[in-house]
Each structure stands twice: as C-alpha cells, then as structure tokens.
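Remarks on the structure that follows.
Protein chains: 2
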Amino acid sequence: MIRFSKMADYGVLLLGHFTQNGNALVNTAGLAEQYHMPRTVVANLLKEFCKAGLLESRRGLHGGYRLLRAPDDISLLDMLSVIDGPVQLTDCAAEDIIHQCDYSDVCHSRSPMRAVNQRIVDFLGQMTLSELMNDVAPATIAPLDTSTSTTS
Amino acid sequence: MIRFSKMADYGVLLLGHFTQNGNALVNTAGLAEQYHMPRTVVANLLKEFCKAGLLESRRGLHGGYRLLRAPDDISLLDMLSVIDGPVQLTDCAAEDIIHQCDYSDVCHSRSPMRAVNQRIVDFLGQMTLSELMNDVAPATIAPLDTSTSTTS
DNA sequence: CCCAAAGAGGACTAATCCAGTGCTCTTTCC
DNA sequence: GGAAAGAGCACTGGATTAGTCCTCTTTGGG
Ligand code: FES
Ligand code: FES
C-alpha cells in the first residue's frame, strides 16, 4: 500500500489545529488530549515542525507553539517533507541525481519516471494547508504530454 | 522518504522489457541475468503480474512470460497496484471507507485529503507503460480548484 | 529565589514491514 | 522419463517506523 507515514497524518491533523487558533499558543499536552494521541508523539512532531520553520515555540510556563507562516503559505509538501522527507518515488527520481543508478544501462524509463515524480511533487506543493482545511476539490493532474518535453 | 517499494521499481523495469520483445516468450533466468536482479525476485514479480492479468505465462520447457495486454493499456497504477497494493496515502483516503477513522471527530481535512489521493490515483492511472518507455513529459497536475467540487 | 510548567534534544526499544530466499509441485517439451 | 520452466507457498534477516524515556534549558509565578 502506497502511503504517507502515520506521523505525517498526525502532523497534518495537528497543523490543521493551528489554523483555527489565531496566533494563540497551544501546548503539547492539550493537543495530545484533544486529539487522543500519545503526548510524546505530539511533542516530537511539533519539535520537528518548529525546527523546519513552520511553527514557532515559546518555552517555559504557559509556553506552547503557534504558526510561524500563514496557512496558505504552508503546502502539503512542506509538511510531508518535514516528517517523511523528500518525495522520491523511485531511487532515480530525485532531481539532483546525476550519477546513474544500478539499472541505468538497461532502464528506459528514467526520464518519464522522474517527470511523474515531479508532477506529484508540484501537485503536493500547490496544495496549501488552508485548502486542506477548507474542503475544496484539488485540481486534477494533467496526463502526460507525449509530444512536448517539459522536464529535463 | 515517500517512495514506491523497490519491488515496484523492479516491476516497472521488467514490464518495460516486455514492450520491446513483441510477443516472444521471455524467461525468468534471462531477465534476471540481463537486469542483474536476483532470480527469485524476478520470478516472484512475474508471477504476481501474471496473477493480475498483465502477463501471461507458458509453462514447461521453453516457457516464459509475455504481455497479455497492450503497453498502452497498462497504466502505472495497474503495475503499482499489483505490487504495492492500492494508493492510500492516508488511512481515510480510501474511496470506499465509510466508517470513520479514529480522528474523524477532530479532523477537518478528511475530504480534501481524499481528493488529493484521488488526483494522484487518476494521474497514475493515466500514465501508461508505453509512455513510460517513450521518454515523454508527464502532464502537469493542476492546482486545487477552490470553488468547484470534482470529487465525492 | 526557587519551583513547576513547558519546550529542546537526544537516544532508545518494540513492533512492523519488506526484500530476498528456499522448497516442493506441476506443466511442457524432447 | 528427464530436464527446463513456471506456480505456490512459507520463511527469515534486516531495515524502518511508531512510540518511549530521560535529561537539559527556558520561563513565569509565588
Ligand atoms: S531505475 Fe534507475 S535509471 Fe531507471
Ligand atoms: S484523519 Fe481520518 S478523518 Fe481525518
């Protein structure tokens, strides 16, 4: 089954919460209780988002987290990248891979696969946190264009 | 890292090979050698594709596999489904899930997430094996449409 | 001034999943 | 009848992931 990690699910849920709280500070314990998730898991996730610059934190008594960027300036890709790392559907899908993989001599789909990967990355990058919370329908992903070359 | 399984990579590579061989029978040992993959792995993959109706097999001496459907009638989604199972980016992304997940009471992104999932499924479903072998550029994935509802 | 509440930063563990292996059975051809 | 090839499983070792735990720092309040 092709799936984001469970942590990513949690992460989206939690970040979603911050869009509903203005810029008030929200603490780990409260979130863990409200979303019935393990406290430690929530703590780890928020720490990661904080390091990645999606949230800002306030330590000490009455501390907590709040969004650092606007909900429509945070993409699904941003969130996923923090937790699941880059979208790299196949080994040689990474944009910056120059050195060929073990199968480059016999593989004829390197370039199309990279293009597929890029389409999905772009799509996830266009999907914002606000849209995720607003029940909108995502755009469709256009099929491959068999004559134009839009990627490297 | 968000990734298809390694087996899926192998699978695409192998199916790709069949597009270049007309309808000649190709056997496991030969493929394994040519693609320097473990014989057992190739065998397992081809068996799966065969069960799924993408390949047909001929047993016995001089047996082997060949494509059962035309290369432009086999989508990337077909191949991935056989090996990695359904694309279900989050637990509640499955189309047929009626019963709500553990977080449905606090989650506001169920519907958009399912739509995201569906867009990706559609995209993978449009990508054919021929296109994968022809170095074409995949279509773009259009951004979310915030007014129209194109999904359930 | 000291304590409690909260985040920071790691390391760690248990359980799950996946890639790869192995074996036996059946089919087919010569 | 024997060898080559696929069918059908069940299994294992290693990697990955979910979740835990502990200690340190920061902050505010009494
Ligand atoms: S699998 Fe790496 S070049 Fe195709
Ligand atoms: S996570 Fe299941 S309803 Fe949103």
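Here the protein sequences come in this chain order: R and H.
The first sequence begins at 1 in our numbering and counts up one residue at a time.
The second sequence begins at 1001 in our numbering and counts up one residue at a time.
Note that beta-carbon positions come from the ideal geometry of N, C-alpha and C, so glycine has one too.
Because the structure is a prediction, the values reported are computed rather than measured.
Remark: the C-beta of ARG1110 (chain H) is in contact range of ligand 2, defined as less than 6 Å to any heavy atom.
Leaving aside the five residues that flank VAL1121 (chain H) on each side, the residues in its chain whose CB is nearer than 6 Å to its CB run, in chain order, VAL1087. Using a Cβ-Cβ distance cut-off of 8 Å, the stretch 1014–1025 of chain H and the stretch 125–137 of chain R are not in contact, since fewer than three pairs of beta carbons, one from each stretch, lie closer than that value. Inclusion of PRO71 (chain R) and GLN1126 (chain H) in the CB contact set at 7 Å is not warranted, their separation being larger than that value.
At a cut-off of 7 Å, the C-beta of ILE141 (chain R) has a neighbouring C-beta in chain H. Between the stretch 102–111 of chain R and the stretch 55–66 of chain R, the count of C-beta pairs closer than 8 Å stays below three; the two stretches do not touch. Runs of the alpha helix (DSSP H) lying entirely within the stretch 9–92 of chain R, each at least 4 residues long, are 28–34, 39–51 and 76–84 in chain order.
Interface flag for TYR1103 (chain H) against chain R is set, since a Cβ pair is found closer than 7 Å. Residues are counted here when their Cβ sits less than 9 Å from a Cβ of chain R; for the stretch 1027–1042 of chain H these are GLN1034, TYR1035, HIS1036 and MET1037, given in chain order.
Contacts with chain R (Cβ-Cβ distance below 8 Å) from the stretch 1074–1094 of chain H involve LEU1076, LEU1080, ASP1084, GLY1085, PRO1086, VAL1087, GLN1088, LEU1089, THR1090 and ASP1091, listed in chain order. Listed in chain order, the non-local C-beta contacts of SER1075 (chain H) below 8 Å within the same chain comprise LEU1124, GLY1125, GLN1126, MET1127, THR1128 and LEU1129, local neighbours out to five positions each way being set aside.
Ligand 2 has a heavy atom closer than 6 Å to the beta-carbon of TYR1103 (chain H). Looking only at R:ASP73, R:PRO38 and R:GLU48, the smallest Cα-Cα distance to GLY85 (chain R) is reached by R:GLU48. In the DSSP assignment, the residues bridged to THR128 (chain R) are R:SER75.
The C-alpha of ALA1043 (chain H) is placed about 38 Å away from the C-alpha of CYS1101 (chain H). Residues of chain R whose Cβ lies closer than 8 Å to the Cβ of PHE1018 (chain H) do not exist; the shortest such Cβ separation is about 12 Å. No Cβ of chain R is located within less than 7 Å of the beta carbon of MET1007 (chain H).
By the criterion of a C-beta distance shorter than 8 Å, LEU54 (chain R) is surrounded in its chain by LEU15, LEU67, LEU68, ARG69, ILE74, ASP78, MET79 and VAL82, once the five residues flanking it on both sides are discounted. In the same chain as MET37 (chain R), and ignoring 5 residues on each side of it, the C-beta atoms closer than 7 Å to its own belong to TYR10, in chain order. CA-CA distance, ALA115 (chain R) to THR90 (chain R), rounds to 11 Å.
When the beta-carbon positions are compared, LEU25 (chain R) and GLY64 (chain R) come within less than 7 Å of each other. Of all alpha-carbon atoms in H:ALA1094, H:VAL1041 and H:SER1104, the one lying nearest the alpha-carbon of LYS1006 (chain H) is that of H:VAL1041. Here the C-alpha atom of CYS1050 (chain H) lies approximately 26 Å from the C-alpha atom of SER104 (chain R). For a Cβ distance threshold of 8 Å, nothing in chain H lies close to PHE49 (chain R): the least Cβ distance comes to about 16 Å.
Annotation for ARG119 (chain R): ILE141 place their beta carbon closer than 7 Å to its own, counting only its chain and skipping 5 residues before and after. A buried status is given to ALA1093 (chain H), since no fewer than 16 other beta-carbon atoms sit within 10 Å of its beta-carbon. Only buried fits ASN1117 (chain H), as 16 or more other CB atoms lie within 10 angstroms of its CB. Residue-level contact by beta carbon holds for ALA1115 (chain H) and chain R, with a gap shorter than 7 Å. Shown here for ASN23 (chain R): same chain residues with a beta carbon closer than 6 Å to its own, the five before and five after excluded, namely ARG66 in chain order. Taking the Cα positions, LEU46 (chain R) is about 10 Å away from ALA52 (chain R). Taking C-beta separations shorter than 7 Å and ignoring five residues to either side along the sequence, the partners of PHE1004 (chain H) in its chain run LEU1080 and ASP1084, following chain order.
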